[in-house]
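Numbering (the numbering used here), first residue to last: 20 to 353.
And the structure:
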């Protein structure tokens, strides 16, 4: 296995390769969500389908996939897979990127990316050691060269988050128009107007078009030398479910005068119209590792404070809340 530094590149086998975006499993550390972008000769995505991440885990061509998350020996790894020889000639680069939830990349401990063959043989490792205030990061990329493929350690961050990253790779085709993790919820142009909601499958904001110019049978080794043994595709704490039964619906309104109770299933945004109140959160998990994670959203509708990860009686503020779970849930004012 070759260790490479920022800006360096190496040839990689023209075969199915797996990528592990890894970090230390430290309580309270920011969450990193890995994604892949398929770029054309102009360095742009051709449409929404060219973004592959946990909530859109398969490219329509089947050549790039998000395999899930796993943990082991004190580390977390999020897995991607790229079948390089099957990529169409219009795809010139596959960018491996990440977005940060609950902090900045400078606070992510032990961040690195490792490339492996489909059989688990290590190919390359790049350790990110100079991140600071970035909330989105291009970690590396595969690119065509001389009839084959190479992998480059990029290490380019965006303090502007997915907005900056999408502008670089989408330009007039895609533009990020919402804060992270809001299911397409966004502010209208006036603060006096109501919130508008654009249905869509994405949790990481809405990437929308704008016209005009502008593995089975093995456990691949991950880590340096004696690092943890992880396998792609196994969900762990905090991993997002792919299905979202509540997608495409407006935010739920929680009002004491209207009964003081809302319920649903899957990721949902709730608007609490009253003052700070005690509420009973109930939860029916979808699987043994499904947790009810509730965030308070700020004035710009970005997640600002995680309130709870457990059912029970909690104090919730006025304003917008985001509920992240795959299971059924309810909130009732007490």
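Backbone N, C-alpha and C define an ideal beta-carbon position, used for all residues, glycine too.
Query, Result
"Does residue 137 come out as helix, strand or coil in the three-state DSSP assignment?", "coil"
"Please state if the CB of residue 335 and the CB of residue 295 are separated by a distance shorter than 8 Å.", "yes"
"Would you report the Cα separation of residue 109 and residue 102, rounded to the nearest angstrom?", "15 Å"
"Per DSSP, what kind of secondary structure is residue 317 in: helix, strand or coil?", "coil"
"Given 8 Å as the limit, is there contact between the stretch 112-120 and the stretch 145-164, that is, 3 or more CB pairs closer than that?", "yes"
"Report buried or exposed for residue 178, applying the criterion of at least 16 other Cβ atoms within 10 angstroms of its Cβ.", "exposed"
"Hey, out of 85, 66, 81, whose CA is closest to residue 73's CA?", "85"
"Using 10 angstroms around the beta-carbon of residue 241, count the other beta-carbons present and answer buried if the total reaches 16, otherwise exposed.", "Bear in mind that a pLDDT of 41 at residue 241, under 50, signals an unreliable position, so the number given afterwards is only what the model happens to contain. The residue in question, residue 241, is buried, as its Cβ has 16 or more Cβ neighbours within 10 Å."
"If you compare alpha carbons, which of 325, 275, 270, 61 is closest to residue 122?", "325"
"I need the boundaries of the beta strand (DSSP E) containing residue 161, first residue and last residue.", "155-164"
"My output table needs one value for residue 19: the three-state DSSP class, helix, strand or coil.", "One cannot answer for residue 19 here, as it falls past the ends of the chain, which runs 20 to 353."
"According to DSSP, is residue 33 part of a helix, a strand, or is it coil?", "coil"
"Rounded to whole angstroms, what's the CA-CA distance from residue 34 to residue 100? Just pull it up for me.", "11 Å"
"Compute the Euclidean distance between the alpha carbons of residue 278 and residue 312, then round it to the nearest angstrom.", "23 Å"
"Should residue 43 go down as buried or exposed, given a rule of 16 or more other Cβ atoms within 10 Å for buried?", "exposed"
"If you reduce the DSSP assignment to three classes, tell me which class residue 126 lands in.", "helix"
"Please state the DSSP three-state secondary structure of residue 102.", "strand"
"Going along the chain, which residues of its own chain have a beta-carbon closer than 7 Å to the beta-carbon of residue 20, five neighbours each way excluded?", "141, 142, 143, 144"
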